[in-house]
Every structure is written in C-alpha cells, then in structure tokens.
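Numbering (the working numbering), first residue to last: 7 to 158. Comments concern the structure below.
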Amino acid sequence: MLKIKDVLQSKSSAIWSLEPDDTAYKAIELMAEKDIGALIVMDGGIVVGIFSERDYARKVAVKGRSSQDTPVKELMTTDLYCINSDKNVEECMALMTKAHIRHMPVYENKRLAGIVTFGDIVNAVIVDQKVKIQDLETYIKGCEAVDFDDNL
C-alpha cells in the first residue's frame, strides 16, 4: 500500500515557510516564485499555521485588505490538519476531501517532514494504479505463453 513517505520521496524536499509577521504580499510573492500554493508559517522553528492561495483570496482580495500591510498571522489557518508519513495515501485523500483542504503538513518522528498537496496524492494514486495494471498485463501475458497441453 502506498504511504505518504513514498509521495514525499517523489518531490522536492524543500519546505517553504515564512514568519507570522511577514506580509501577505511577501507570501504571495514567494508562492509565485516557487510555483506553490501554500506556505508553512513558523515561529521560532514551531509550525503555527499555514497560508494558502485560498486564504489570500478569501481574507485579503475579497475583503479589500492590503497585502502589503497585512501580516500573515491575521490571515493564516491555525487549525491544521496534519498526517504522519507512515499513513497510507487513501487515508490522506479521505481526510483532505472531508476537510476541504488541498495542502497538508506531513510529520515524521514528531518533526515536519514536508507538505503534500491533493494533486500530489492524486498523481501518486494514478502512477501506482498504472504500475499495478502493467504488472497484471505482464502476468496475464506470461500465463498466455504457457502451453497447457504440453503439461498434461
């Protein structure tokens, strides 16, 4: 069964973060530069929240706030859903779907190991299914090559 740690191994190990007092503008600028949709918010090495494009859209753009004057701590999501790297992909997908989230911090041995996105999870499932299909096709072709009449 595919584990979250397998998904993390297939992507960059970089964990992009910012501090609570950084501005929303700085966050959006960093997300655009790194082509990512969310940043971990850390205070003194401790995860205190997550700031996503969705947070920006709902709490800055729609409400007419200034991204250059508003600190991330006023906008970030603090009630985090997290997952352990040993959990399977199906559990993560179910949790993300139920919670309506697209980014989830991953922990390993009580330390932040990375972040997975819903897209990462979907891609991992697709790749895993393709491998299983190829394995089954290979197995079936191998069975077809056996002449059962010769074995009687």
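Glycine included, each C-beta is placed from N, C-alpha and C at the ideal position. Only a predicted model underlies this, so the values are computations on that prediction, with no experimental measurement involved.
Is I52 closer than 9 Å to P111 when the C-beta atoms are compared?
-> For this step, residue 111 is matched to residue 105 along the sequence shown. For this step, residue 52 is matched to residue 46 along the sequence shown. Contact flag unset, no.
Tell me, please, whether the stretch 55-74 touches the stretch 28-41 by the rule of three or more beta-carbon pairs shorter than 8 Å.
-> In short, these stretches touch, since the Cβ pair count reaches three.
Ordered along the chain, which non-local residues of its own chain (more than five positions away) have a Cβ less than 7 Å from that of T76?
-> Residue mapping note: residue 76 aligns to position 70 of the sequence shown, counting from 1. Same-chain partners within the cutoff: T29, A30, V66.
Unbroken beta strand (DSSP E) run spanning R117, endpoints = Taking the first residue of the sequence shown as position 1, residue 117 is located at position 111. R117 -> beta strand (DSSP E) spans 117-123.
Answer with buried or exposed for M102, where buried requires no fewer than 16 other C-beta atoms within 10 angstroms of its C-beta.
-> Taking the sequence shown and counting its residues from 1, one reaches residue 102 at position 96. By the neighbour-count rule (16 or more Cβ atoms within 10 Å), M102 is buried.
For I52, which of helix, strand or coil comes out of DSSP?
-> As a first step, residue 52 must be located in the sequence shown, where it is residue number 46. I52 falls in the strand class under three-state DSSP.
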